[in-house]
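Data block below; observations after.
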Amino acid sequence: MGHRLVDASAPARLAAPEEGIGRDELALATRNHGLPLEALRYDLTPPGLHYVLTHYDIPYIPDDTPWHLTLGGRVRRPLRLNLAELRAFPQVTTRVTLECAGNGRALLTPRPVSQPWLVEAVGTAEWTGVPLRLLLAEAGVGTDAVDVVFTGADHGVERGVEQDYRRALPVDVATGGDPEVLVAYAMNGTPLPPQHGRPLRLIVPGWYGMAHVKWLREITVADEPFRGFQQAVAYRLRRNPEDEGEPVTRIAPRALIVPPGFPDFMSRARLVPPGPVTLEGRAWSGYAPVTRVEVSTDAGRGWQAAELEPDDGHRWAWRRWRHSWTALPGEHVLSARATDAEGHTQPLEPPWNRGGFANNLVQRVPVLCPDAHTAAPGADTHPGATRAHPGR
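Set out below in structure tokens:
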């Protein structure tokens with residue numbers, strides 16, 4: 000009996016009713032990681048706290064390894080650039096919020112079986128690199144160009160298909176200036192860490208993370224639409240397996256709350272003392288600037304406007320928001336929702352699809368406010384003990 004790739008590569012599926020997270024999903028969750036939500040306080044996410052999703056292995060590329068980026072296909076002058084030649088082009092630094100397309104997947108019912116993200120698959124960094132449009136202009140894009148295809152150095156098998164990781168952008172997006180796509184070689188002012196694509200990666204402001212190809216080694220201009228696995232099979236919004244589906248592209252609006260008070264170790268349930276609490280968080284959208292954030296402290300029954308931090312000119316990055324709340328003893332559910340300048344807003348019911356993509360359902364944060372002057376048995380109440388300060 001023969002041995003086939005499909006024997007080691009399972010098809011896409013939905014979790015059965017009441018099925019918990021399996022060992023395969025747990026294995027993915029140990030390789031990939033989300034942003035600890037308390038790190039929303041950073042304007043720029045430290046690289047080690049920024050979310051990471053890696054489809055296959057992280058390529059091992061020692062610092063002294065020669066690296067070339069090739070640019071070919073439907074161009075007049077094919078390019079083969081080493082890192083020094085690439086850095087000779089004008090450089091740009093852009094602050095960009097990245098979010099995984101599967102963020103929120105684990106909150107869906109039925110649950111698509113894949114990386115089991117809750118809401119933490121996000122991060123914001125300043126990316127430095129060469130505008131892709133300059134490289135394409137140097138090569139001379141053919142008049143018959145349709146798509147620009149990007150190939151990473153990561154290689155694996157998915158649903159029985161052996162592949163390098165490849166994604167494409169329409170030629171007008173690749174050559175455009177809004178957003179300005181970057182071939183990036185630095186993150187927050189230092190060379191890219193291995194897990195973030197060293198030595199080169201693509202940055203596509205406003206688009207979900209699947210478009211930001213890491214370990215970039217090849218760019219190909221094509222005269223027909225790219226039909227590779229990650230484009231035509233994965234990252235499509237489908238309700239039924241036979242649907243062609245709509246492509247996943249721009250990031251839907253989302254607001255997240257910095258967890259107030261302090262957590263229980265296992266459940267991560269939050270505890271806050273009675274009294275004034277400053278709720279704060281971040282909001283972003285890949286369609287248009289966020290113009291409104293609303294906060295609910297009663298499980299979505301009522302909403303109040305939050306204070307948005309003034310626009311700082313970073314069009315493609317998250318914005319801070321704040322809201323004052325008086326916590327009373329009892330159980331509460333906190334939520335925040337963002338609306339952008341084009342009227343896109345977060346839903347109160349999850350937008351279900353088979354891949355679990357673009358689920359920007361409003362976040363729910365359960366909070367317990369205990370009666371004043373109470374402490375749990377065994378609590379550390381000696382004079383040197385410390386407690387988290389709500390709103391700090």
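So the sequence shown is numbered by numbering that gives the first Met the number 0: it starts at 0 and just counts up by one.
Every residue gets a Cβ at the ideal spot worked out from N, C-alpha and C, and that includes glycine.
In this text, all values refer to a predicted model and were calculated from it rather than measured experimentally.
Count the other CB atoms within 10 Å of the CB of P346; is the residue buried (16 or more) or exposed (fewer)?
-> Within the sequence shown, numbered from 1, the residue matching residue 346 stands at position 347. The residue is exposed, with fewer than 16 neighbouring Cβ atoms inside 10 Å.
Alpha carbon to alpha carbon, how far is A11 from R158? Give it in angstroms, no decimals.
-> For the purposes of this step, residue 158 is taken as the residue at position 159 of the sequence shown. For the purposes of this step, residue 11 is taken as the residue at position 12 of the sequence shown. The straight-line gap from Cα to Cα measures roughly 7 Å.
Chain-order list of residues whose beta-carbon lies under 7 Å from that of P111 (same chain, five-residue window excluded) | Taking the first residue of the sequence shown as position 1, residue 111 is located at position 112. Contacts found: L13, R104, R353, G354 and G355.
Through-space distance from V180 to L131, alpha-carbon basis = For the purposes of this step, residue 131 is taken as residue 132 along the sequence shown, with counting starting at 1. For the purposes of this step, residue 180 is taken as residue 181 along the sequence shown, with counting starting at 1. Between L131 and V180, the C-alpha separation is close to 6 Å.
Go ahead and pull the three-state DSSP assignment for Q230.
-> Indexing the sequence shown from 1 puts residue 230 at position 231. DSSP places Q230 in helix when its eight states are reduced to three.
Inside the segment 84-112 only - beta strand (DSSP E) runs reaching at least 3 residues | 91-98
Taking only runs of the beta strand (DSSP E) that begin and end inside the segment 198-263, which ones reach a length of at least 3 residues, in chain order?
-> 200-202, 215-221 and 253-256
Give every residue of the same chain whose Cβ lies closer than 6 Å to the Cβ of F88, excluding the five residues on either side of it in the sequence, and list them in chain order.
-> For the purposes of this step, residue 88 is taken as residue 89 along the sequence shown, with counting starting at 1. Taken in chain order, the residues that qualify are V129 and L133.
Reference T96; option with closest CA among V160, R235, W283 and W320 | Stepping through the sequence shown from its first residue, residue 96 is reached at position 97. The shortest C-alpha separation from T96 is found at W283.
Three-state secondary structure assigned by DSSP to D163 | Position 164 of the sequence shown, counting from 1, holds the residue named residue 163. Here D163 sits in strand by DSSP.
Who pairs with D339 in a beta bridge, going by DSSP?
-> Residue numbering aside, residue 339 sits at position 340 when the sequence shown is read from its first letter. The partner list for D339 (beta bridge, DSSP) reads V289.
In terms of alpha-carbon separation, which member of Q162, W320 and M186 lies closest to A335?
-> Translated into the one-based positions of the sequence shown, residue 335 becomes position 336. The shortest Cα separation from A335 among Q162, W320 and M186 belongs to W320.
Selected residue, minimal CA-CA separation from N102, among A28, D56 and R75 = Start at 1 with the first residue of the sequence shown, and residue 102 comes out as number 103. Checking every option, the nearest Cα to that of N102 belongs to A28.
Rounded to whole angstroms, what's the CA-CA distance from V156 to S8? Just pull it up for me.
-> Taking the sequence shown and counting its residues from 1, the one referred to as residue 156 is at position 157. Taking the sequence shown and counting its residues from 1, the one referred to as residue 8 is at position 9. In a straight line, the C-alpha of V156 is about 7 Å away from that of S8.
Use the C-beta contact count for L327: other C-beta atoms within 10 angstroms, 16 or more gives buried, fewer gives exposed.
-> Walking along the sequence shown from the start, residue 327 turns up at place 328. L327 should be labelled exposed.
Among the residues of its own chain, which have a CB less than 6 Å from the CB of G19, if the five just before and after it don't count?
-> The sequence position of residue 19 within the sequence shown is 20, counting from 1. The answer is none, since no qualifying residue turns up.
Spell out whether any CB of chain B is found under 8 Å from the CB atom of L52.
-> In the structure shown, chain B does not exist; there is a single protein chain.
Taking DSSP as the reference, what is the three-state secondary structure of A7?
-> Your numbering for residue 7 matches position 8 in the sequence shown. Note: A7 maps to helix in three-state DSSP.
Helix or strand or just coil, what does DSSP make of Q194?
-> Here the question's residue 194 lines up with position 195 in the sequence shown. The answer is helix: DSSP assigns Q194 an H, G or I state.
Flag this pair as touching only if the segment 61-70 and the segment 303-317 have three or more C-beta atom pairs under 8 Å; answer yes or no.
-> no
Following the continuous beta strand (DSSP E) through E279, name the residue where it begins and the one where it ends.
-> Residue numbering aside, residue 279 sits at position 280 when the sequence shown is read from its first letter. Unbroken beta strand (DSSP E) run through E279: G274 to W283.
With 16 other Cβ atoms within 10 Å as the buried cut-off, status of F264 | The count along the sequence shown starts at 1 and reaches residue 264 at position 265. When all chains shown are included, F264 counts as exposed.
Would you call T64 buried or exposed, if buried means 16 or more other Cβ atoms sit within 10 Å of its Cβ?
-> Along the sequence shown, one-based indexing puts residue 64 at 65. By the 10 Å Cβ count, T64 comes out exposed.
Measure the alpha-carbon distance for H49 versus V257 and round it to whole angstroms.
-> Position 50 of the sequence shown holds residue 49. Position 258 of the sequence shown holds residue 257. C-alpha separation (whole angstroms): 15 Å.
Separation of A305 from A254, as counted between CA atoms = To locate residue 254, count along the sequence shown from 1; it is residue 255. To locate residue 305, count along the sequence shown from 1; it is residue 306. Approximately 11 Å, taken between the alpha carbons.
Between V145 and D222, is the Cβ-Cβ spacing less than 8 Å?
-> The residue you call residue 145 lines up with position 146 of the sequence shown. The residue you call residue 222 lines up with position 223 of the sequence shown. Yes, these two residues count as a Cβ contact at 8 Å.
Looking at the structure shown, is E18 part of a helix, part of a strand, or coil, going by DSSP?
-> The residue given as residue 18 occupies position 19 in the sequence shown. Here E18 sits in coil by DSSP.
In chain order, what residues of the same chain have a beta carbon less than 6 Å from the beta carbon of A268, not counting five sequence neighbours either side?
-> Along the sequence shown, one-based indexing puts residue 268 at 269. If we look at A268 and ignore the five residues flanking it on each side, its Cβ neighbours are P365.
Own chain partners of L78 with C-beta closer than 6 Å, once the 5 adjacent residues on each side are dropped = In the sequence shown, the residue the question calls residue 78 occupies position 79. Correct list, in chain order: L70 and A138.
Pull up the CB-CB distance for H322 and Q303, whole angstroms please, since I reckon it's below 8 Å.
-> As a working mapping, residue 322 is identified with position 323 in the sequence shown. As a working mapping, residue 303 is identified with position 304 in the sequence shown. Going by Cβ atoms, the distance from H322 to Q303 rounds to 7 Å, so yes, they are a contact pair.
Using beta-carbon positions only, say whether Y55 and Y234 come within less than 8 Å of one another.
-> As a first step, residue 55 is located in the sequence shown; it is residue number 56 there, counting from the start. As a first step, residue 234 is located in the sequence shown; it is residue number 235 there, counting from the start. No, these two residues do not count as a Cβ contact at 8 Å.
Buried versus exposed, by CB contacts within 10 Å (16 or more), D339 | Counted from its first residue, the sequence shown places residue 339 at position 340. Its Cβ being crowded by 16 or more others within 10 Å, D339 is buried.
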